[in-house]
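Working notes, beginning with the structure itself.
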Amino acid sequence: MSTVFALRDAGDLAENATAYVSLEPCNHYGRTPPCTEALIKAKVKEVVVGMTDPNPIVASKGIEKLRNAGIDVRVGVEEALCLRLNEAYIHRMLTGKAFATLSRTTLSMNGIVINQIGSGADQPGGYYSQLAKEYDGVIISSDMAKATTLPISREAGAKQPLYIIIAQEEGSKLHIPFLDEESASSAIVLADSPVTVEPSGVSVSVLDQMNLESVLQLLADRGLCSVLVDFIDDGAGLVSLLKNFQEDKLVQKVVVELSPVWMVSPGLSDLAFGGSQSFPLKNVEHKEVNRTLLLEGYL
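Those letters in the sequence shown? Residues 79 to 377, per our numbering, in order.
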């Protein structure tokens, strides 16, 4: 779709030019006409494709159509980078589920989960503000939706993620104070039993089985490729949802913030020990942000 808009912006300058795309141009009608038709109509000379499209509807047909139209096509340029860039889309195509990242988890130096994120993390330029703009949706508990402001990206011009509110054992009514009639379409509620939501206009889906697999399948069916699982606050509303998430390979990525504080709480050891299993993270990256250490890795 972005190819179509880019060609519109380029106008006559696209003729005899080289087009660079991270993903094979589509060859079917969706919200816009096929990208292949737009490229052919623009009379580009060459198309450089980062990777073929895993979508069976496309399946190299876009490349074939361009070549049949006399356009030179190179495939696999910077492929590793494009695979990373399109990882959520690839995951959805291959599994039928949205790509899930566990986020907004902050640990103290002694391994205790802190009920807040680091200074500036949710402000313009902060790691969470930037993270939120990259994802299609954010999964939060109904307790969080009722008690606090919803997580947003504060980056200039950022498209806000869809809020996916998990309502378990909620009862017959759920009031979301930070939504109104105008913004109701920015959230959906996934519930384990029928529930009336205020404000009206918020979409409600009742799941036969309230588990992470069912949630990610439903979100993929709605067209979402990537979601953040927001584990700030006490996370109690999402604990059962995340049960066995690693064994079932339902979460693909983890983002953890390590804060330079030592937590002391009545009834808790100053050192956090426990857990009978550990799962090594792959391709771990780290960076320092405002005196905190941010870790990202794949499960």
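Beta carbons: idealized from backbone N, C-alpha and C, even for Gly.
For residue 177, no alpha helix (DSSP H) segment is defined; the enclosing uninterrupted segment is the beta strand (DSSP E) at 177-185. Straight through space, the alpha carbons of residue 369 and residue 192 are spaced by roughly 15 Å.
Distance from the Cα of residue 282 is smallest, within the candidate group 341, 291, 358 and 244, for 244. For residue 235, there are no CB contacts under 6 Å within the same chain when 5 residues up- and downstream are skipped. In this structure residue 340 is not in contact with residue 220, their Cβ atoms being roughly 32 Å apart against a cut-off of 8 Å. Beta-bridge analysis with DSSP links residue 241 to 216 and 265. Here residue 317 carries a helix assignment [DSSP, helix/strand/coil]. One alpha carbon belongs to residue 275, the other to residue 287, and they sit about 20 Å apart. Assigned with DSSP and collapsed to three states, residue 375 falls in strand. For residue 146, the secondary structure class from DSSP, reduced to helix, strand or coil, is helix. Ranking 217, 255 and 230 by CA distance to the CA of residue 266 puts 217 first.
Taking a C-beta distance under 7 Å as the contact criterion, residue 92 and residue 122 qualify as a contact pair. Sequence-distant Cβ neighbours of residue 133 in its own chain, meaning closer than 6 Å and more than five residues away, are 171.
For secondary structure counted as the beta strand (DSSP E) over 3 or more consecutive residues, the stretch 282-344 holds these complete runs in sequence order: 304-308 and 331-336. Apart from sequence neighbours up to five positions away, no residue of its chain approaches residue 137 with a beta-carbon distance below 6 Å. Under DSSP, the beta-bridge partners assigned to residue 97 are 125.
The Cβ-Cβ distance between residue 296 and residue 319 does not fall below 7 Å. Under the DSSP assignment, residue 273 falls outside any beta strand (DSSP E); it carries neither an H nor an E label. Under DSSP, the beta-bridge partners assigned to residue 251 are 274.
Residue 215 and residue 242 do touch by the CB rule: their CB atoms are close to 5 Å apart, below 8 Å. For residue 247, the closest alpha carbon among the candidates 360, 302 and 316 is that of 316.
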